[in-house]
Every structure is written in structure tokens, then in C-alpha cells.
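Peer 1: From first to last, the protein sequence lines stand for chains W and F.
Counting from 1, position 162 in the first sequence corresponds to residue 162 in full-length UniProt numbering; the numbering is continuous, with no gaps.
Counting from 1, position 410 in the second sequence corresponds to residue 410 in full-length UniProt numbering; the numbering is continuous, with no gaps.
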Amino acid sequence: MTGVAVGAPRRTAALTARTGTAARWLAACTAALVIFSAFILANDVDPLSVLGTIWTSVLTEPRQVEQILVRATPFALAALAVVVPGRAGLVNVGGEGQVIVGAVAAAGAGMWVGADAAPAVAVTVMVLAAVVAGGAWAGIAAALRLVGDVNEAVTTVLLNFVALYLMLFLILGSWRDDAAMGQATSPEIGPGAKLPLLGTSGVHVGIVVAVIAALVIWFAFTRTTWGFRLTVVGGNPEAARRAGLPVTVLLLSALVLGGVLAGLAGYVHLAGAEYKLRPTFGANIGYIGFLASWLARHRPLAVLVSAAAVAAIAITGNTLQISAGLPAASVNILMGLVLVAVLGWTSVRKADA
Amino acid sequence: MTAPSHRRPPSRIGAPPALLDVVGFTKSFGDVHANTDVDLSVQRGEVHALAGENGAGKSTLLKMIFGVYEPDAGRMFVDGQPVTPGNPAHARALGIGMVFQDLRLVPALTVAENVALSLRTGFRLRMDGLVRRIEEASRSYGLDVDPRAQVRTLSIGERQRVEILKTLMAGARLVILDEPTSVLAPQEVQSLFEVVERLKAEGLGVVIVTHKLNEVRAIADRMTILRRGEVVLNAVAPADYTDGALIEAMVGRAVAPLPRQRRPVDPAGRTLLALSDVRTDGDRGYEALKGIDLDVRAGELVGIAGVAGSGQRELFEVVLGLRPLTSGHVEVRDVDGVPARPRVAAAIPEDPVADSVVPGLSVLQHMVLDGREVPRKGVGVDWAEVGRRTAEADAKVGLDIAAPRRTLSGLSGGNIQRVVLTRELSTFSPVVVAAYPSRGLDIANARRTQEVLLEQRAAGAAVLMVSEDLEELISMADRIVVMHDGHVAGVVAAADADRMALGRLMLGGAA
Ligand SMILES: Nc1ncnc2c1ncn2[C@@H]1O[C@H](COP(=O)(O)OP(=O)(O)O)[C@@H](O)[C@H]1O
Ligand SMILES: [Mg+2]
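1. With a threshold of 7 Å on Cβ separation, who are the neighbours of residue 250 of chain W within its own chain once the five nearest residues in sequence on each side are excluded?
2. Can you give me the start and stop residues for the alpha helix (DSSP H) that residue 214 of chain F sits inside?
3. Starting from the N-terminal end, write out each residue whose C-beta falls within a distance shorter than 6 Å of any non-hydrogen atom of ligand 1.
4. Check whether chain W comes within 8 Å of residue 199 of chain F, counting only Cβ atoms and requiring the distance to be less than that.
5. Taking CB distances under 8 Å as the criterion, tell me whether residue 504 of chain F reaches chain C.
6. Are residue 434 of chain F and residue 463 of chain F closer than 8 Å when you measure CB to CB?
7. Please compile the residues from chain W whose C-beta is within a distance smaller than 7 Å of the C-beta of residue 281 of chain F.
8. Could you name the residues of the segment 223-250 of chain W whose beta carbon sits closer than 7 Å to any beta carbon of chain F, in the order they occur along the chain?
9. Please classify residue 191 of chain W: is it buried, with 16 or more other beta-carbons within 10 angstroms of its beta-carbon, or exposed?
10. How would you write the range of the beta strand (DSSP E) that residue 27 of chain F sits in, first residue to last?
11. Just checking residue 101 of chain F against ligand 2 - is the residue's beta carbon closer than 7 Å to any of the ligand's heavy atoms?
12. Please state the DSSP three-state secondary structure of residue 502 of chain F.
13. Is any non-hydrogen atom of ligand 2 found closer than 7 Å to the C-beta of residue 179 of chain F, if you look at the structure I gave you?
14. Any beta carbon from chain W within less than 8 Å of residue 369 of chain F's own beta carbon?
15. Considering only C-alpha positions, which residue in the set W/38, W/22, W/23 and W/102 is nearest to residue 337 of chain W?
16. Tell me the residue span of the beta strand (DSSP E) that contains residue 465 of chain F.
17. In whole angstroms, what is the alpha-carbon distance linking residue 318 of chain F and residue 413 of chain F?
18. Compute the Euclidean distance between the alpha carbons of residue 342 of chain W and residue 215 of chain W, then round it to the nearest angstrom.
19. Do you know offhand how far residue 264 of chain F's Cα is from residue 497 of chain F's?
20. Quick one: Cα of residue 182 of chain F to Cα of residue 246 of chain W, how far?
21. Considering just the uninterrupted stretch of the beta strand (DSSP E) at residue 392 of chain F, what are its terminal residues?
22. Going by C-alpha to C-alpha distance, which of W/236, W/275 and W/268 sits closest to residue 360 of chain F?
23. Using a cut-off of 7 Å between C-beta atoms, extract the partners of residue 421 of chain F located in chain W.
24. Just the C-alpha distance for residue 60 of chain W and residue 107 of chain W, rounded to the nearest angstrom, thanks.
25. Is residue 261 of chain F helix, strand or coil by DSSP?
26. What does residue 75 of chain F pair with, by DSSP beta-bridge criteria?
27. Is it right to say residue 69 of chain F is buried, meaning 16 or more other beta carbons lie within 10 angstroms of its own, or is it exposed?
28. What did DSSP end up calling residue 21 of chain W once you bin it into helix, strand or coil?
29. Quick check on the burial criterion: 16 or more other C-beta atoms within 10 angstroms. Buried or exposed for residue 169 of chain W?
30. Please classify residue 180 of chain F: is it buried, with 16 or more other beta-carbons within 10 angstroms of its beta-carbon, or exposed?
31. Out of curiosity, what's the CA-to-CA distance linking residue 228 of chain F and residue 86 of chain W?
32. Anything in chain W within Cβ reach of residue 322 of chain F, meaning under 8 Å, just list it in chain order.
33. Please check the pair residue 293 of chain W and residue 79 of chain W, which I expect to be a contact at CB under 8 Å, by giving their CB distance rounded to whole angstroms.
34. Would you mind working out which of F/297, F/504 and F/364 sits nearest residue 267 of chain F, comparing C-alpha positions?
35. Around the Cβ of residue 377 of chain F, are there at least 16 other Cβ atoms within 10 angstroms (buried) or fewer (exposed)?
36. Cα-Cα, which of F/303, F/407, F/198 and F/411 is closest to residue 480 of chain F?
See below:
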């Protein structure tokens, strides 16, 4: 039973496991596309032409690809906000609220420094405000879990509503922009506070922030003592307790860091894409991030791919509506199918083992 | 050993066919050859012991007979007729009943309701009739089971009798008992054996798994020993073999007995572990420890005996500081007598899989989960250094742990136990608390574990050890503390401990 011949055969085993997973992914996505095609057929539209349209006018169209990347940026950060607590065995469904609170804090900080503040000052103050607010918002749920043993999956969802109404309260009230002709929006952030674009593209630098965040978290998970301990707490809290690990501190840090990342997502979306708060600001970013994290099986680097994938599906929705006359919600069907297929298919591995 | 060339039941001319004949059963799980060409024959009115070390393939063989697993090769005959059980329901219809190692009753239901679950009942559940039938059956086999009692309130021994009753009411003529005694106090073993004798007298066949030789000698007519999935002794009379020969057949080599000679406890030695009037609540709110007083000195090994659930788990947790006290004191001291920093104690948990194993992490990663200082490199763990220390620990403890890169959760219980033992016992700790240290280990590794614990004692540690094996306690401990229902029911010097007296204390009687 002991360590004979672990070298070569193990490596090939790992390799086949990996290609097996990739094949399952592919199969799952294909299955989702097939079912989706059946749905399109039922609407009297030719599925091949629709898929062709998706290919030519979305996936190979540079401007649309830029759109996808811009959309993917907050998704990726919001997904990381699920990945980090998930590592500790916590379920953060509060990305939605943490994103909004982060953006609200950033917008408030932007107003506080003024529209003509120097870019460095505006960016620093807004980022700080966003991460502190997101972290604190998640911290409320963490505190309730640790003190009152209230499940964080419930409190984080409830706090989403509080965050939304907090934002509405502000933009319908004291933050309302008088220049917006009756619309409930906050004033646009100053020009120095807007995130610059990458070169001549339409993609703002937020994507770099998301990639760096994913890399940092990957490093923290795999190379630091904190990440190792977080894995232990998430894998078996009793083992962590018996090993004398600071379980409370670890849980708190994981959930708060999740909130920080979601707050950052809110900031990036505000300063890179929307520039002002509207009643629908940030809608679904948290929930889609949650899906993206599950699609990536809570792995930080894979989150970058899954966020891009869900962003592509979301962008496709507009095209479908315009070119094929399908309802815009059709794309939600595709998103749901992909999610269920991928989750179902890739967890077969556990059952075999 | 005879190579079974024939593929028919090996019946003697003129003799009636055996109740059960298994010929050439073979089963692999991936690379593991759990059974290779195994034969087993059970007569009516025979008690057949099946022995072998952990992982020898006993449960696999029995599960194939009961139709849980399908054999890769081999045939099976009941009353000389070829059969293929295929599934447990069919096996039951063939007159085969099995009591699994882990009992499978529903605690919230009554005995009668549990029996009803396993019987074919019509649309309407007629409980009164069933209760009467259970009472009859229980009387006729001397099982002493109350059909109206809730299973939750029954002891393990009583639950086992319910399981046996279930198989009998389903019409079993062959009753298979997989390691029934490992969870019982000696008195309960005795009453189980009385039931087995009764079944035998009724002409039923019984297959009983145990690796305790005194039990084999007490109950079995014939015995079969498996080693690494192969039959090494086939249907022999235990009386024809010495203990040494049987152990050698199971292990594959001779195992020296534990040395009896050891340095006596220094009566002036420092007390390293002191509990006074310790009370605490269990997980379900009732009081689990009801005023425990206990001292363990440097260089002393104190054994804890008791029926499972008498407070052993809670006792360990309060010693390790994992469970708050409702009153009293626990003091854990370092060798120099100063109150200890946290985690000066080494701990072998009661349930290593639930308490120590983190899914997905490797053996190496588990080696630093002992609460002691972890070698650091920058912001991370110095895994190369952990690897060196692990190799050193493995060489020192000698339990031959699995490769460091293996995922711990993928290993068998015995291999997990060896990793935990190696981690906890490779360095000296002033206080060692070990729950069932040799559980899940085969004879050779169990012996090595016992030696390592005695080495810790000899080095001056205060060792507190729980075991369900009285022989193990008597051979290792200086004193045996018997727990019953959260109390210390008695303290006995191991040198003059008597198994039956210990058993009476365990069940709450007087010594
Ligand atoms: N379902 C299974 N899947 C894979 N391996 C198994 C399974 N059941 C048993 N084994 C392996 O087969 C061998 C024999 O196990 P088992 O029959 O349970 O032994 P025993 O009951 O004698 O302790 C062991 O190496 C065990 O790990
Ligand atoms: Mg077994």
C-alpha cells in the first residue's frame, strides 16, 4: 500500500483526469447547445443560422469581443468574491449587495473629492472606499455567523436587498442628479476618475485588475500558509479546530476578503463602464459571478474563463433579439442550460471515484 | 492448501450437500485483488469463523455471498443447487441473512417498525400482528428483544440482536455476522454467543468474522483464514492449531508478544495530567461527564475501558481543551511541571476520518496539522522541510505510512490511522491521549503502535489510552479506569485485572 511507483503512472493518471474533465466540459456545452437549438427550432427559427450569426456577429467581431471583455471584468471579480469564502467552506451569495455597496461608496467618495480632483487622488480614494465598504458589508454577515451562528448564505442574500434600497434611497434623494432631467441617477464621476482604456481598444484597465486579482488569489491559495489553512478550515473544520488553527479569524478573513473583491467589482463597473449609479446599476453582477464561480468549481484562474463565457452568453442575447427576433430572455435559457449541464456533467467524476 | 480444480461443490460421496458452498470467488476493485479464488463451505448447524487481518477481504467475500457485490469469477451453491444472488433481496429469498459491520437500523423508529422495513409488507401495515410475531421469534431464539422499544434507546448489543432477529424473520437459514464483537463489552459478547449457540442448535449455519482468537476458540467449529484475498487455512478445526500458528497464518509471519517487563511507575513522579471533578455536557445536551477525578503521572500509562458512549470521547476532548467544562479543572503540565502551553499533548482522535482528514489534501499536508510549529519559508509553508521531517518521523515510528503525495482521504482507515499515529507519536509529548490507537490496524502494525506508545511512556510521558480491546488494555496499562455513564465506575491495577470483573464495571455493576 505504501509509496511504490508514484512517479510516472500518477502523472499520466492526473493527465487523463484533466483531459477527461475537459472532454466532459465540451460534452456538457454541446449538450446545452443542442437543447438550445431545439428551443430555437420551436420558435420557427433555423438554429444553424442563429449559431452562425452568433459566430460571425459576436465571437469574431472585434467590437463585440471588446464588449464581452468589459462585461466579464466585474463578473470575474464578483466570482472571486465567491471563490475566496468558498475555499473556507462559506457560501457568499451576497456579491450582489457587496457590488452595489462598493459602487455606492466609490461614487460617494468621488463626489467628496470633487469632479476635478487629480486622477491619482480620485482613484485612490474611490478604490479605498469601495473595498472598505464591500468588506464591511460582508463583515456584517461574518459577524452574524460567528456571534449568532446565523447562516451566511441567508444573511448575505438579505443584505443584498438592504444594499439595493440604500442605493435607491440615495439616488432618489440627496444624490439625485438635477441635470439628468428627472431620471434617478447620481451625478457622473469626474473625468479624472474614469478608468482609462487599453490602447485604442474599447476595453478599460479594469480587466487588468481582475486578472491580477485572480493571480494573487491563486498564489495565496497555493503558496501561502493562509491559503493552506483556509483549505483546511473549508475541508474539515473539526480538523482545523483540533490542529489549533484560528478558525474564527480565518472564516472572518475569507468572507471579508470576498466582500472586498465584490466591492472592487462595483468600483470597476462604476469607473470603467457606467460612470454613474442608476436604479439598475450592477443588477445581476453578483448572481452571475456566483454562477461563474460554480462553473469554475471555485478555482481562481478558471474563474477568468468562466466569467468570459457567461459574459459572451449575455452579449449574445442582444444579438439574438435583433437578428433572429427571439426574445431577449432566450439567452437566459442558454445560460441556465450551460450551467446545469456543466455542473451535472463535471460532478460525475465524484460519483465514479 | 488445496487448489480447487473442480468447479462443483466439493461434496463427499453420500453426504448431503452443504448449506453453502462458495467455489473460486474472485473480486478485484481496480488494482486491489480483494478476493482471489476463495472457497468457503458452511454446513447446517455449524459456526464457521472467518478470520484475517484488516483488508484481507472478509467483508468482500461476505458481501458477494449476500449479493451486494457481483463476483468477477466463481460459483456459489445453496443446498447443492447453483445460485447467483445478484442482489440482497434475492439472497434473502435464498435463506441468507447478513448483519453488517456498521449496523443499519433507523434510530427514530421502534424495533417492530425497523423489522417491518425489511419485510415484505402489504399495503396496510399491521403492526399488532408483527409485534406478536417478533415476540414469538425473539422468545424462541432467546433474543430478548422488546418490539415496542425505540432503537435509539437500545445499547449496541441490543441493536445487534434486532439485526439478527430481522434476518431470522426474513427466513434466514445462514446468518452472516461481520465483526459483531468489535463493539461489545465482554458480557454482551457472551450473550451474543449464547444466541449463536441457539441458532446452531436450531440447525442454522452461522458465519462469524472475528480476529480475536479466544472468540474463535469459544464459538467456532471450523475456521477459514484469509490473507490478502487468498485462503491460507481452509475450514480447519481451531483446536488443531496454536495461537501462534493462527496469528502467523493471518499476518504472514510470527509476531512477538508485547514485552511484559517494564519499569514500574515512580510513585513520586510528577502528575502531568490532573482532572478534578470534571463535568461537561455532550453534544446532545445531556451531561456526558459527571464528576471525573483522574491523575496520570509521568511514565504512567492509564487505560480507559468502557462501553462506547460512556464519556470517553468527551473525556478526551476536555483533556485537549476542545470542550468547555461546566465545572471542575483540567490541568495539563509540561515535564518540568509548569502548566502547559496549548497543544503540549499528542492526540490520537477517536474518529480520525471525521476529526483529522481534510478532503483533497495530501499525506504531507496532513503532517503539519498537529497544532505545533510549522516550518515557514517566506509567506508559505516550507514543504521540503516538512517532507524531510516526515521521512524522519516515518523511519522513527516505523508504521510505514503511504507516499507523502497521496491524497489522505483516498486511503483506507488503517492507512489514515498510521499517518495520524506517525504525526502525533514521532516526537516526545509530555501528555499523550490516544483513542483506540490500534483500531483499523492489522496485527503487525497494531503491535508496533503499542510499542511506540510504551516507548513514550518509558520516555516519561503521561499516557491516557482508550481501547475497546480489554486484552490490549491489560497488556499495556499500569492502571485501568473503567467508565460507565460519565462516571468512573472503578479503577483496577492492570496486573491483577480480570476481564469479567472489568466487564461488570463497564455495564454499571459492581466489580
Ligand atoms: N468498494 C470497494 N472499493 C474499492 N476497494 C475496496 C472496496 N471494498 C473493499 N475494498 C478493498 O478490498 C480489500 C479487502 O477489503 P475488505 O473485504 O473490506 O477487508 P476486511 O473485511 O477483511 O477487512 C481492501 O484492500 C479494501 O480496501
Ligand atoms: Mg470488514
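We put the beta carbon where it would ideally sit given N, CA and C, even for glycine.
Peer 2: Result, derived from the coordinates:
1. Answer for residue 250 of chain W: 88, 229, 230 and 233, listed in chain order.
2. Residue 214 of chain F: member of the alpha helix (DSSP H) spanning 213-219, first to last residue.
3. A distance filter of 6 Å between CB atoms and the heavy atoms of ligand 1 selects the following residues in sequence order: F/29, F/32, F/34, F/52, F/54, F/55, F/56, F/57, F/58, F/59, F/60 and F/412.
4. No, its Cβ sits nowhere closer than 8 Å to a Cβ of chain W.
5. The chain inventory of the structure shown lacks chain C, comprising the protein chains W and F.
6. Cβ atoms of residue 434 of chain F and residue 463 of chain F: closer than 8 Å.
7. Near residue 281 of chain F there are no residues of chain W at all, since even the closest Cβ is about 17 Å away, more than 7 Å.
8. Listed by position along the chain: 223, 224, 225, 228, 231, 232, 235, 236, 238, 239, 241, 242, 243 and 244.
9. With fewer than 16 Cβ atoms within 10 Å of its Cβ, residue 191 of chain W is classed as exposed.
10. It spans 20-29 - the beta strand (DSSP E) in which residue 27 of chain F sits, taken as one unbroken run.
11. Because some heavy atom of ligand 2 lies under 7 Å away, the Cβ of residue 101 of chain F counts as near it: yes.
12. Reduced to three states, the DSSP call for residue 502 of chain F is helix.
13. With a cut-off of 7 Å, the C-beta of residue 179 of chain F is classified as near ligand 2, since at least one heavy atom of the ligand falls inside that distance.
14. Interface residue (Cβ-Cβ distance to chain W less than 8 Å): residue 369 of chain F is classified as such.
15. Scanning W/38, W/22, W/23 and W/102 for the CA closest to the CA of residue 337 of chain W turns up W/38.
16. Its beta strand (DSSP E) spans residues 462-466.
17. In this model, residue 318 of chain F and residue 413 of chain F are separated by some 25 Å (Cα to Cα).
18. A direct Cα-Cα distance of roughly 24 Å separates residue 342 of chain W from residue 215 of chain W.
19. Straight-line measurement puts the Cα of residue 497 of chain F at about 17 Å from the Cα of residue 264 of chain F.
20. Rounded to whole angstroms, residue 182 of chain F to residue 246 of chain W spans 37 Å at the Cα level.
21. No beta strand (DSSP E) contains residue 392 of chain F, which is instead part of the alpha helix (DSSP H) from 383-397.
22. With respect to the C-alpha of residue 360 of chain F, the residue from W/236, W/275 and W/268 having the closest C-alpha is W/236.
23. By Cβ distance, chain W contributes nothing, its closest Cβ being about 14 Å from residue 421 of chain F, past 7 Å.
24. C-alpha separation (whole angstroms): 35 Å.
25. It is coil, neither helix nor strand.
26. DSSP lists F/23 as the bridge partner or partners of residue 75 of chain F.
27. Taking a 10 Å sphere around the C-beta of residue 69 of chain F, we find 16 or more other C-beta atoms and assign the residue as buried.
28. In the structure shown, residue 21 of chain W sits in a helix (DSSP, three-state: H, G or I).
29. By the neighbour-count rule (16 or more Cβ atoms within 10 Å), residue 169 of chain W is not buried but exposed.
30. It counts as buried.
31. Linking residue 228 of chain F to residue 86 of chain W through their CA atoms gives a straight-line distance of about 41 Å.
32. Neighbours of residue 322 of chain F on chain W, chain order: 241 and 242.
33. Between residue 293 of chain W and residue 79 of chain W a beta carbon distance of about 4 Å is seen, short of the 8 Å cut, so the two are scored as contacting.
34. Nearest option by C-alpha distance: F/297.
35. Residue 377 of chain F is exposed by the Cβ-count criterion.
36. The candidate whose alpha carbon is nearest that of residue 480 of chain F is F/303.
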